[in-house]
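Participant: Residue numbering for the sequence shown follows my numbering, beginning at 12 and increasing consecutively.
Idealized CB from N, CA, C, for every residue including glycine.
Can you read through this structure? Questions will come right after.
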Amino acid sequence: MKTLLIAILTLASTTLFAQNTVTWKGGTPGKENKWNESKNWSDNQVPDENTNVIIKAMNTGHFAQPVVDEAVEVASIELQAGAKLTVTASGSVMIDGSDIYTIGIVSYGGTLVNKGLINLINIDNFSTVDFQEIHSGNGTVLLDNQSINAKYYAKK
12 MKTLLIAILT
22 LASTTLFAQN
32 TVTWKGGTPG
42 KENKWNESKN
52 WSDNQVPDEN
62 TNVIIKAMNT
72 GHFAQPVVDE
82 AVEVASIELQ
92 AGAKLTVTAS
102 GSVMIDGSDI
112 YTIGIVSYGG
122 TLVNKGLINL
132 INIDNFSTVD
142 FQEIHSGNGT
152 VLLDNQSINA
162 KYYAKK
């Protein structure tokens with residue numbers, strides 16, 4: 012009985028804290044660019060703090076790219092070639108590696124337009140890059156809750 016209980020608890024904790032990966036597909040009629048529209052994601056669920064997000068330039072025959080206009084929290088964001096993530100003045104993105112391993116925000120030719128807030132906390136393996144390379148906009152970028160003048164993104 013004790014062994015069964017340990018096995019159930021182990022399975023439950025693994026399931027609760029498991030990270031998953033979703034890909035932006037966008038294009039939901041009337042909500043083509045809406046981050047918080049579940050139909051815009053490959054698993055039909057809005058990403059949460061345990062989700063690794065992949066944003067492609069085009070996935071389903073259109074060019075709809077995600078726009079964040081409220082507070083969101085994810086495990087990581089990967090911007091692929093030609094992809095663009097926009098954070099509006101009312102939007103914020105938090106990536107918190109306090110409880111999980113996270114690469115933060117990594118770009119493979121994508122761009123990040125930030126007019127709101129990007130908050131990176133306890134990011135694993137980050138490095139500073141030229142501000143113009145990935146990040147544009149007049150938004151705030153925080154690293155461990157400290158304002159920075161350069162952007163950070165994770166390297167694999």
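#1: Taking S87 as the reference, which of I129, E48 and N55 has the closest Cα?
#2: Mind checking Q143: buried by the 16 CB within 10 Å criterion, or exposed?
#3: Determine the DSSP secondary structure at G127, reduced to helix, strand or coil.
#4: Which stretch, first to last residue, makes up the beta strand (DSSP E) that contains G115?
#5: Work out the CA separation of V57 and E48 for me, nearest whole Å.
#6: Straight-line CA distance for N170 to N61?
#7: Please name the residue in A92, Q30, N63 and L96 whose C-alpha comes closest to that of V79.
#8: Does the beta-carbon of E81 have 16 or more other beta-carbons within 10 angstroms, so that it is buried, or is it exposed?
#9: Judging by CA-CA distance, which residue of S147, V85, I65 and T39 is the nearest neighbour of V104?
Facilitator: The structure says:
#1: Counting from 1 along the sequence shown, the entry for residue 87 is found at position 76. Residue I129 is the option with its Cα nearest to S87.
#2: Along the sequence shown, read from residue 1 onward, the residue named residue 143 stands at position 132. Residue placement at Q143 cannot be trusted, given a pLDDT of 42 that sits under 50; the coordinates are not used to answer.
#3: Here residue 127 corresponds to residue number 116 of the sequence shown, with the count starting at 1. Correct three-state label for G127: coil.
#4: Indexing the sequence shown from 1 puts residue 115 at position 104. Counting along the chain, the beta strand (DSSP E) containing G115 begins and ends at G115 to Y119.
#5: Numbered from 1 along the sequence shown, position 37 holds the residue referred to as residue 48. Numbered from 1 along the sequence shown, position 46 holds the residue referred to as residue 57. Cα to Cα, E48 sits roughly 6 Å from V57.
#6: The question about residue 170 has no answer, for the chain in this structure spans 12 to 167.
#7: Here residue 79 refers to the residue found at position 68 when the sequence shown is read from its first residue. Ranking A92, Q30, N63 and L96 by Cα distance to V79 puts L96 first.
#8: For the purposes of this step, residue 81 is taken as residue 70 along the sequence shown, with counting starting at 1. Burial call: exposed.
#9: To locate residue 104, count along the sequence shown from 1; it is residue 93. Comparing C-alpha distances from V104 to each of S147, V85, I65 and T39 shows the shortest one belongs to V85.
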